[in-house]
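S.K.: Below you'll find the structure I mean.
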Amino acid sequence: MTIELFMQQLANGISIGSLYALLAIGYTMVYGILRLINFAHGDIFMMAAYFMVFSIINFKLPWYIGAVIVIVASVGLGLLLERTAYRPLRDAPRMSIMISAIGASFFLENLATYLFTGVPKGFPDIKVLTKPVSIGNISLSVSTIITPFVTIILLYVVLFITNKTKIGMAMRAVSKDFETARLMGININKVIATTFIIGSSLAAIGAILWGSKYPSVMPLMGVMPGLKCFIAAVLGGIGNTTGAVLGGFILGMAEIMLVTFLQPLTGYRDAIAFVILIIVLLVKPTGLLGEKVTDKV
Amino acid sequence: MIEKVENKRIRLLINIFLAAIFVAVIVLLDTKKIGDDYIRRVLNLTAIYTIVSVSMNLVNGFTGLFSLGQAGFMAIGAYTVALFTVPLQVRPNVFYMVPQNPIIAQIELPFAIALILGGLLAALAAILIGIPVLRLKSDYLAIATLGFSEIIRIVCTNAKSITNGALGIKSIPEMPTMWVFFGVAIISVIIIYLLINSSYGRAFKAIREDEIAAEAMGINLFKHKVMSFAIGAFFAGIGGGLLASLLATVDPRQFYFTVTYNFLLIIVLGGMGSISGTVIASFLVTAGLEVLRFFDEPLTLFGVNIPVFRPGFRMVIFSLLLMVLVLFFRNGLLGQKELSWKVIHNWFNRRGKKKTGKGGVA
Amino acid sequence: MSILKVENVTMQFGGVTAVNNLNIEVEEGRIEALIGPNGAGKTTAFNVITGVYTPTNGSVYFNDEVITGLTPDKITKRGIARTFQNIRLFKNLTVLDNILIANHLRIKSNFMSCTFRMPWSKREEKQMREKSEMLLEKLGLSDLRNEIAHSLPYGEQRKLEIARALATDAKLLLLDEPAAGMNPSETMELSSFIYNIRDEFNLTIFMIEHHMDLVMEISEKIYVLDFGQLIAQGTADEVKNNPRVIEAYLGVDEDA
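Here it is, written out as structure tokens:
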């Protein structure tokens with residue numbers, strides 16, 4: 001293998017990893033607060049990609065306006081999801097909420113299939129993002145290069161919100177102890193809504209960047225990234241935002257390295273995440289940066 | 298007292314009578330006196346769905362573990378039956394792209410043995426996933442099992458010399474009688490019923506109710522969780538094996554993880570923790586999926602719907618139904634109860650009360 | 660002879676030390692109590708003894724065998740059973756089922772022979788049921804056997820939880836605030852109940868309790884915990900007059 005090819009793949013790995021990281025933040029925050037695997041998160045990501053297709057191809061909007069609309073629409077969808085599928089079950093058994101999450105996810109997938117058909121749609125070609133850039137002998141698209149930076153910047157924004165703002169303090173309180181926080185008069189609904197707003201907008205940004213890399217939009221495109229990103233969150237330590245980003249990077253790199261060095265196993269690329277999950281659960285179930293949580297008896 | 302004994306005897310007679318009708322209907326269908334192939338196939342599919350759903354309820358409804366691996370365990374059972382029951386002489390025609398692995402290519406097993414082997418392999422897979430995942434809080438089981446069923450599908454697509462890849466395996470011998478499906482279904486349901494009403498079944502329920510208390514009462518959580526999970530997987534594998542012989546063909550797309558959601562809907566509808574509810578719901582959902590077909594374009598794969606390939610209003614309704622059930626009718630048809638004459642009696646009484654607005658007679 | 664020995668046990672969570680160098684010896688056949696202000700680390704001590712937590716330091720002996728590091732179910736099998744501060748019954752199951760479940764740990768048949776109702780398993784199940792019925796009879800819960808656990812009145816739920824612990828054939832019973840939420844007459848009844856079961860089942864009882872009347876009346880030895888430290892031990896009178904105990908309780912404005 002040439003050094004150029006390696007560098008190219010390295011850049012790809014980092015780029016994919018940062019896309020995973022964007023989605024993983026949403027999973028880790030929702031899990032941290034509600035102890036819920038938000039199965040529908042990947043489907044919000046999918047819907048965001050469709051929103052982009054419609055606003056740019058069908059409504060011929062410029063990409064930056066399209067992007068804003070997509071983020072707003074995804075946030076709306078995320079809030080709607082929380083309102084209809086999760087909030088009514090807040091005091092229900094855990095199993096019911098999980099089933100509701102599965103139901104919501106399956107509903108969005110089926111709705112997309114029904115409305116947009118299962119035939120893949122082309123993602124709009126946003127020139128600013130897809131333009132190739134040559135560095136030495138390596139040729140990369142703009143989106144590949146900027147994705148890691150976007151992710152790092154957004155990570156800092158999220159960290160700022162959770163650590164430095166009032167609502168962030170409330171979020172941390174709720175994730176430490178839901179019941180006590182509720183008794184202390186923290187507006188739980190507001191905290192949860194904020195979590196979904198942050199998660200959904202990151203998923204929307206992720207979808208835009210993803211689309212310029214893999215320009216094919218399908219109803220089930222969110223399923224695999226969704227599962228993988230939850231695993232990335234577990235790998236980083238569930239509930240820990242920085243951990244989720246780290247987990248996403250590691251997962252992306254692992255996949256690309258498999259494809260690069262063990263080409264005969266390329267077909268098993270999607271299986272790696274689950275192997276990692278099993279290893280993490282065996283070796284360090286709290287994840288890389290997670291804290292040990294003790295159950296109250 | 299005498300009246301009670303009398304009542305009991307009448308109920309027993311009615312039960313025997315209903316069982317006889319059921320047997321008679323199946324015999325008539327089986328001997329092609331009534332119904333057509335389509336009805337027979339749907340009913341056989343119902344029997345298979347019953348096995349898998351009841352086994353899923355054992356894990357999710359009775360033990361309180363959120364497993365979503367049914368499609369994967371079914372795939373293991375289905376591929377085991379497919380690999381070992383296709384007659385040796387037709388194998389080269391099936392594996393025309395990539396020749397079958399030479400060792401497997403020489404083994405042909407009777408259906409019953411392949412079926413049980415499939416169940417055992419599924420149980421083994423469950424134990425292997427269960428060991429890392431079930432030691433901890435079972436939260437991650439849902440993701441691990443979903444992932445597992447995807448891995449199984451990926452392996453089936455890629456390991457061409459064993460599974461024939463995306464082409465699938467055709468020419469699986471079909472069963473001569475509906476009793477294969479209904480017989481296995483009845484036996485499976487009875488076994489799971491007996492298990493749940495044994496000391497081990499009570500331990501499972503204890504884990505569902507309160508893990509910490511169960512452990513404090515001396516129940517080894519890990520052992521019992523793995524046990525329940527593996528037994529559930531065994532029967533899902535059996536269901537998969539039957540499905541392979543019903544369809545006479547297997548291919549990886551039949552075991553997309555969304556298939557598991559069918560069973561999830563069934564156990565939610567029937568009641569998490571009710572075997573009779575699950576049996577009724579299996580019938581309702583399988584039949585319902587067929588009836589709802591007029592909402593949709595024609596399908597090819599007998600109820601195993603793959604949303605990627607067709608636009609489906611049916612599946613939108615289906616998923617909406619799952620949500621409505623869990624949001625508004627969390628207990629489903631029977632909750633944690635079993636169907637009994639008492640339940641039916643109470644149900645009618647309640648109905649009567651509502652209509653007349655008067656207190657009914659107990 | 661001491662049935663339970665806690666030796667130099669320290670339990671830390673992150674930087675917080677919940678229990679610090681605790682030493683306790685409970686004599687066989689006696690009723691002893693662990694008291695202390697809220698947050699003193701009493702329940703943590705119980706959780707260490709029953710295996711819910713593995714202590715940061717120190718060991719726990721039961722009948723002179725080390726049980727530190729064993730999982731809760733293994734410890735229960737050895738003969739220590741407990742109740743919980745906030746009742747943890749199997750809520751949606753019947754009273755009888757709650758008791759039967761506590762018998763499961765001694766089962767000899769495997770799941771196959773139980774499922775297929777082998778003669779020896781049927782015999783075992785029958786014995787289990789007889790034993791459970793007898794226990795319910797002795798504790799006066801017989802009439803409630805088919806009631807769903809969470810539908811019982813509060814006092815009966817407490818009683819059922821103790822009955823369930825007894826059904827494990829425990830030698831040592833740990834009661835975590837058995838009188839919590841009870842009125843004075845119920846508390847009185849509880850104290851004779853505890854005496855009775857101790858004699859009837861040859862138990863040793865170690866309990867956490869806030870009702871001082873109850874503690875002073877029935878415990879033969881009392882340990883006082885404050886901020887994770889053992890500050891006093893002895894008979895009711897000795898403890899009552901210990902200045903450090905008075906200080907600990909008055910300091911946090913607790914109605915001792």
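Chains as they are written, first to last, in my numbering: chain A, 1 to 297; chain B, 298 to 659; chain C, 660 to 915.
Even glycine gets a Cβ: it sits at the ideal position worked out from N, Cα and C.
I want to verify the contact list: residues of chain C whose CB lies under 7 Å from the CB of B:Leu-517, in sequence order.
M.R.: Residue identity check: residue 517 of chain B is Asn in the sequence provided, not Leu. Neighbours of B:Asn-517 on chain C, chain order: Asp-732.
S.K.: Would you kindly report the start and end of the unbroken alpha helix (DSSP H) that includes B:Asn-341?
M.R.: 334-354
S.K.: State the Cα-Cα distance for the pair A:Phe-6 and A:Ile-16, rounded to the nearest angstrom.
M.R.: Within the model, the alpha-carbon separation for A:Phe-6 versus A:Ile-16 is close to 15 Å.
S.K.: Round the Cβ separation of B:Ala-419 and B:Val-430 to the nearest angstrom and send it over; I've been treating them as touching at under 8 Å.
M.R.: Their Cβ separation, rounded to whole angstroms, is 16 Å, which puts B:Ala-419 and B:Val-430 out of contact at 8 Å.
S.K.: Given a limit of 9 Å on CB to CB distance, which residues of the segment 74-88 of chain A reach chain B?
M.R.: Thr-84, Ala-85 and Pro-88
S.K.: Would DSSP call A:Leu-183 helix, strand or coil?
M.R.: helix
S.K.: Contact check, B:Ala-372 vs B:Gly-537 under 8 Å by CB: the rounded distance?
M.R.: 6 Å
S.K.: By the criterion of Cβ-Cβ separation under 7 Å, what are the contact partners of C:Ile-760 in chain B?
M.R.: Arg-499, Ala-500, Ala-503 and Met-514
S.K.: Taking only beta-carbon atoms, is B:Glu-447 less than 8 Å away from chain A?
M.R.: yes
S.K.: Pull up the DSSP beta-bridge partners for C:Lys-664, would you.
M.R.: C:Glu-684 and C:Tyr-720
S.K.: For the segment 242-273 of chain A, which residues have a CB atom closer than 8 Å to at least one CB atom of chain B, in sequence order?
M.R.: Here the close residues are Gly-267, Tyr-268, Asp-270, Ala-271 and Ala-273.
S.K.: Is the segment 35-50 of chain A close to the segment 107-122 of chain A, with three or more CB pairs under 8 Å?
M.R.: yes
S.K.: Tell me whether B:Pro-399 is buried or exposed, calling it buried when 16 or more other Cβ atoms sit within 10 Å of its Cβ.
M.R.: exposed
S.K.: Can you find the residues in the same chain that come closer than 7 Å, C-beta to C-beta, to C:Val-874, ignoring five residues on each side of it along the sequence?
M.R.: Ala-692, Ile-694, Glu-868 and Ile-881
S.K.: What residues in its chain sit with their C-beta under 8 Å from that of B:Ser-364, if we drop five residues either side in the sequence?
M.R.: Cβ neighbours of B:Ser-364 beyond the five flanking positions: Met-353, Val-356, Asn-357, Leu-438, Ala-439, Thr-442, Phe-526 and Gly-529.
S.K.: Along chain C, in chain order, which residues have C-beta atoms closer than 7 Å to that of B:Glu-506?
M.R.: Phe-749, Lys-750, Asn-751 and Leu-752
S.K.: Name, in chain order, the residues that DSSP records as bridge partners for C:Tyr-882.
M.R.: C:Leu-693 and C:Gln-892
S.K.: Report yes if the CB atom of B:Gly-444 is closer than 8 Å to the CB atom of A:Leu-277, and no otherwise.
M.R.: yes
S.K.: What separation, rounded to the nearest whole angstrom, lies between the Cα atoms of A:Leu-288 and A:Gly-239?
M.R.: 11 Å
S.K.: According to the Cβ coordinates, are A:Gly-267 and B:Thr-454 closer than 8 Å?
M.R.: yes
S.K.: Strictly by DSSP, which residues pair up with C:Leu-834?
M.R.: C:Met-866
S.K.: Nearest to B:Phe-349 by alpha carbon, out of B:Arg-647, B:Phe-580, B:Leu-624 and B:Glu-512?
M.R.: The residue asked about is misnamed: residue 349 of chain B is Val in this sequence, not Phe. Minimum Cα distance to B:Val-349 is reached at B:Phe-580.
S.K.: Going along the chain, which residues of the segment 10-40 of chain A sit with their C-beta nearer than 9 Å to a C-beta in chain B?
M.R.: Tyr-31, Arg-35, Ile-37 and Phe-39
S.K.: Whose Cβ in chain B lies nearer than 9 Å to the Cβ of A:Gly-103?
M.R.: Here the neighbours are Tyr-558, Leu-561, Leu-562, Val-565, Ser-616, Leu-617, Leu-618, Leu-619, Met-620, Val-621, Leu-622, Val-623 and Leu-624.
S.K.: Check each residue of the segment 473-494 of chain B: if its Cβ is closer than 7 Å to any Cβ of chain E, include it; give the result in chain order.
M.R.: Absent here is chain E; the protein component of the structure consists of chains A, B and C.
S.K.: So, for C:Glu-820: in the same chain, excluding its five sequence neighbours on each side, which residues have a beta-carbon less than 8 Å away from its beta-carbon?
M.R.: Thr-742, Phe-743, Ile-746, Arg-747 and Leu-748
S.K.: Could you tell me how far apart the beta carbons of B:Gly-568 and B:Gly-632 are, in whole angstroms, since I believe they sit closer than 8 Å?
M.R.: 5 Å
S.K.: I'd like to confirm the pairing. Which residues does DSSP put opposite C:Lys-785 in its beta bridges?
M.R.: Beta-bridge pairing links C:Lys-785 to no other residue.
S.K.: Give the interface partners of C:Ile-766 over in chain B, defined as CB-CB distance under 7 Å, in chain order.
M.R.: Ser-496
S.K.: Just to check my reading of the structure: A:Leu-23 and A:Ala-203 have Cβ atoms closer than 8 Å, yes? What is that Cβ distance to the nearest angstrom?
M.R.: 6 Å
S.K.: Could you compute how far the alpha carbon of B:Leu-309 sits from the alpha carbon of C:Ala-704?
M.R.: 56 Å
S.K.: Hey, out of A:Ser-74, A:Val-283, A:Val-259 and A:Leu-282, whose CA is closest to A:Ile-272's CA?
M.R.: A:Val-259
S.K.: If we ignore side chains and look at the alpha-carbon of each, how far apart do B:Ala-545 and B:Ile-469 end up?
M.R.: 5 Å
S.K.: Alpha carbon to alpha carbon, how far is B:Val-395 from C:Met-787? Give it in angstroms, no decimals.
M.R.: 59 Å
S.K.: Return yes when the Cβ of C:Thr-730 is within less than 8 Å of the Cβ of C:Arg-804, no when it is not.
M.R.: no
S.K.: For A:Phe-160, go through chain B and note every residue whose CB falls closer than 7 Å to its CB, in chain order.
M.R.: Residues of chain B passing the Cβ test: none, with the nearest at roughly 29 Å.
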